[in-house]
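Student:
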Ligand SMILES: Nc1ncnc2c1ncn2[C@@H]1O[C@H](COP(=O)(O)OP(=O)(O)OP(=O)(O)O)[C@@H](O)[C@H]1O
Ligand code: SF4
Ligand SMILES: [Mg+2]
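Residue numbers (the working numbering): 407 to 729.
#1: Using CA coordinates, which residue listed in 534, 554, 576 and 588 is at the minimum distance from residue 562?
#2: Please classify residue 407: is it buried, with 16 or more other beta-carbons within 10 angstroms of its beta-carbon, or exposed?
#3: Please give the ranges of any alpha helix (DSSP H) in the region 582-622, keeping only runs that are unbroken, at least 4 residues long and fully inside the region.
#4: On the three-state DSSP scale, how would you describe residue 422?
#5: Please report the distance separating the alpha-carbon of residue 507 from that of residue 499.
#6: Taking a contact to mean a Cβ-Cβ separation below 8 Å, would you say residue 425 touches residue 590 in this structure?
#7: Is residue 459 near ligand 1, in the sense that its beta carbon is under 7 Å from a heavy atom of that ligand?
#8: Would you mind stating whether residue 586 and residue 556 have Cβ atoms separated by less than 8 Å?
#9: Can you check the region 411-495 for any beta strand (DSSP E) of at least 3 residues that lies completely inside it and give the ranges in chain order?
#10: Can you find at least 3 beta carbon pairs, one from the region 618-628 and one from the region 438-457, that sit closer than 8 Å?
#11: Run the Cβ filter for me: residues under 7 Å from any heavy atom of ligand 3, listed in the order they occur in the chain.
#12: Compute the distance between the beta-carbons of residue 688 and residue 702, then report whether it is under 8 Å.
#13: Check whether the region 595-613 touches the region 644-663, counting contact only when three or more Cβ pairs, one atom from each stretch, lie closer than 8 Å.
#14: At a cut-off of 7 Å, would you count residue 443 as near ligand 2, judging by its Cβ distance to the nearest heavy atom?
#15: Report the rounded CA-to-CA distance for residue 451 versus residue 530, giving the unit in angstroms.
#16: For the region 536-547 against the region 596-607, are there 3 or more C-beta pairs whose distance is under 8 Å?
#17: Which residues bound the beta strand (DSSP E) around residue 497?
#18: Taking the alpha-carbon positions, what's the residue 484 to residue 526 distance?
Here is the structure:
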């Protein structure tokens with residue numbers, strides 16, 4: 407499969423009053439055409455910053471280096487004007503809480519039609535037809551009623567479906583979904599994930615699905631990247647990751663997911679996420695790692711292909727920088 411997005415060695419620092427936060431520490435991964443790629447990791451590990459960097463929506467205190475190739479072109483070299491044409495058209499994003507993205511003062515009709523007219527250059531009447539089609543495509547069977555509603559008159563699940571419809575209105579190549587189901591209850595979560603999967607199967611766009619929930623990953627992702635404190639520590643096809651996790655952090659994450667077959671008690675990961683103002687040297691996971699050895703404190707392990715398609719950044723498996 408052809409690569410749609412390639413991130414190479416992305417470093418992001420934030421200048422803050424307390425010093426420089428070294429938030430992304432050389433992140434690399436790619437997303438293929440039509441693929442659902444999951445990015446998983448604990449809070450604060452840099453998932454949203456990675457997403458925002460793709461759209462070049464980081465605040466001015468961010469320093470960025472590396473490459474973000476989208477259809478072969480480096481987004482970090484594009485002008486702001488070019489980025490405006492890409493955002494929402496070729497790359498769309500949806501967030502956790504649709505209430506923050508929908509304006510409570512306007513009916514769904516006004517908000518949807520504004521977006522559709524902006525991107526498609528359609529008349530109001532054509533845009534309305536397109537909106538109805540999109541609402542049906544996301545499983546909302548009474549588009550007329552939805553278009554006439556204010557956001558607060560709809561359920562959280564319906565609002566997220568509307569956000570998905572708006573994100574897909576321009577037929578984007580890439581949909582970034584940042585914790586799209588976290589604010590929803592479990593049954594609705596499952597429905598929204600199934601919807602994303604179904605739409606991808608129908609329209610073949612790629613998805614960057616950001617989550618801290620391994621259950622979500624297992625449900626819909628083709629491949630997964632595991633993030634820890636600003637690094638991608640492991641990338642593998644979903645089944646392979648669950649069956650054969652290599653990185654000690656991934657193994658730790660998987661051991662806290664309860665196994666319904668054995669009902670093993672939860673084993674929380676020891677220690678806490680490090681401060682990115684003064685991150686640990688070498689492997690950033692070393693203070694929490696039960697396998698840490700001397701080299702782990704000195705040298706950052708690089709991501710390398712351990713077996714076909716399965717990448718890991720850990721000195722237990724080689725990984726460069728070994729002296
Ligand atoms: N504008 C900013 N200025 C300084 N630091 C920031 C800024 N934005 C994010 N950070 C820091 O970058 C780190 C990564 O944040 P990010 O929001 O990407 O985490 P995340 O993985 O999405 O977490 P969550 O699961 O809670 O959404 C955090 O330590 C955060 O405090
Ligand atoms: S590089 Fe060392 S500290 Fe880091 S995960 Fe591997 S063994 Fe643990
Ligand atoms: Mg986030």
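Beta carbons are placed, not taken as given, at the ideal position from N, Cα and C, and that holds for glycine.
Tutor: Checking against the coordinates, here is how it stands:
#1: The count along the chain shown starts at 1 and reaches residue 562 at position 156. By alpha-carbon distance to residue 562, the top candidate from 534, 554, 576 and 588 is 588.
#2: Within the chain shown, the letter at position 1 stands for residue 407. Counting Cβ neighbours within 10 Å, residue 407 comes out exposed, since fewer than 16 surround it.
#3: Whole alpha helix (DSSP H) segments, 4+ residues: 592-609.
#4: Indexing the chain shown from 1 puts residue 422 at position 16. In the structure shown, residue 422 falls within a strand segment according to DSSP collapsed to helix, strand and coil.
#5: Locating residue 507 in the chain shown gives position 101, counting from the first residue. Locating residue 499 in the chain shown gives position 93, counting from the first residue. Whole-angstrom Cα-Cα distance: 10 Å.
#6: The count along the chain shown starts at 1 and reaches residue 425 at position 19. The count along the chain shown starts at 1 and reaches residue 590 at position 184. The beta carbons of residue 425 and residue 590 sit no closer together than 8 Å.
#7: Translated into the one-based positions of the chain shown, residue 459 becomes position 53. No, since every heavy atom of ligand 1 falls outside the 7 Å radius drawn around the Cβ of residue 459.
#8: In the chain shown, residue 586 corresponds to position 180, counting from 1. In the chain shown, residue 556 corresponds to position 150, counting from 1. Taking 8 Å as the Cβ cut-off, residue 586 and residue 556 do not qualify as a contacting pair.
#9: The qualifying runs are 425-438, 442-446 and 468-476.
#10: Contact between the region 618-628 and the region 438-457 is present: three or more C-beta pairs spanning the two stretches fall below 8 Å.
#11: Taken from the N-terminal end onward, the list reads 453, 454, 584, 585 and 616.
#12: For the purposes of this step, residue 688 is identified with residue 282 of the chain shown, where counting begins at 1. For the purposes of this step, residue 702 is identified with residue 296 of the chain shown, where counting begins at 1. Yes, they are a contact pair.
#13: Counting C-beta pairs closer than 8 Å gives fewer than three between the region 595-613 and the region 644-663, which falls short of the contact rule.
#14: Numbered from its first residue, the chain shown carries residue 443 at position 37. Proximity of the beta carbon of residue 443 to ligand 2 is not indicated: no heavy atom of the ligand is located closer than 7 Å.
#15: Start at 1 with the first residue of the chain shown, and residue 451 comes out as number 45. Start at 1 with the first residue of the chain shown, and residue 530 comes out as number 124. Near 43 Å, if we compare the C-alpha coordinates of residue 530 and residue 451.
#16: As far as the Cβ criterion goes, the region 536-547 touches the region 596-607, which means the pair count is three or higher.
#17: Residue 497 sits at position 91 when you count from the first residue of the chain shown. Per DSSP, residue 497 belongs to the beta strand (DSSP E) from 497-500.
#18: Counted from its first residue, the chain shown places residue 484 at position 78. Counted from its first residue, the chain shown places residue 526 at position 120. Residue 484 and residue 526: Cα-Cα distance of roughly 22 Å.
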